[in-house]
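Novice: I am attaching a structure below and will ask some questions about it afterwards.
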Amino acid sequence: MSVCVSPDWAALWNKLGVRVSSFSELSLKHSASDYVLWHTCQRENVILFTDNRNSDRSDSLQATIIAHNTVTSLPVLTPGESQRLLIEREYVERAAIRFLEILSEVDLFRGAGRLFIP
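Per our numbering, numbering of the sequence shown is gapless, rising by one per residue and ending at 119.
Structural data, given as structure tokens:
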């Protein structure tokens, strides 16, 4: 989210010490199951930001959250309408604000499972 590092929000982004991790940095293949992805993010203390994924398999992200989420688990952040992130500046800004709010008080959101933003 480039808006998070724009002049309006860069100070908060830097204060929070946000670091964006890639699959390779987490030693994950792009073909990794949602189960593996979620558990890796939990183990590495990484908040997963992902589009809404299907939930029809037993190793889907939603099934994994339902089966393995605890009160200390980090939330998964999902844009409510991901296509709008590509075309609507106002939506992007609202999503960025919500994203930064959650990051700034992440412990309040532990155990929430999945949070849709904005």
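C-beta: ideal position from N, C-alpha, C; glycine also. Source: prediction; values computed, not measured.
1. Does Arg115 come out as helix, strand or coil in the three-state DSSP assignment?
2. Would you list the residues sitting across from Val77 in a DSSP beta bridge?
3. If the criterion is Cβ atoms closer than 9 angstroms, does the pair Thr79 and Asp35 meet it?
4. Pull up the distance between the alpha-carbon of Arg111 and that of Val19, whole angstroms please.
5. Taking the alpha carbon of Ile118 as the reference point, which residue from Asp52, Trp39, Arg99 has its own alpha carbon closest?
Specialist: In short:
1. Residue mapping note: residue 115 aligns to position 114 of the sequence shown, counting from 1. DSSP places Arg115 in strand when its eight states are reduced to three.
2. Locating residue 77 in the sequence shown gives position 76, counting from the first residue. In DSSP, Val77 forms a bridge with Leu49, Arg115.
3. Counting from one through the sequence shown, the residue named residue 79 turns up at place 78. Counting from one through the sequence shown, the residue named residue 35 turns up at place 34. Not closer than 9 angstroms, so no.
4. Here the question's residue 111 lines up with position 110 in the sequence shown. Here the question's residue 19 lines up with position 18 in the sequence shown. When rounded, the distance between both Cα atoms is 17 angstroms.
5. Residue mapping note: residue 118 aligns to position 117 of the sequence shown, counting from 1. Measuring from the Cα of Ile118, the nearest candidate turns out to be Arg99.
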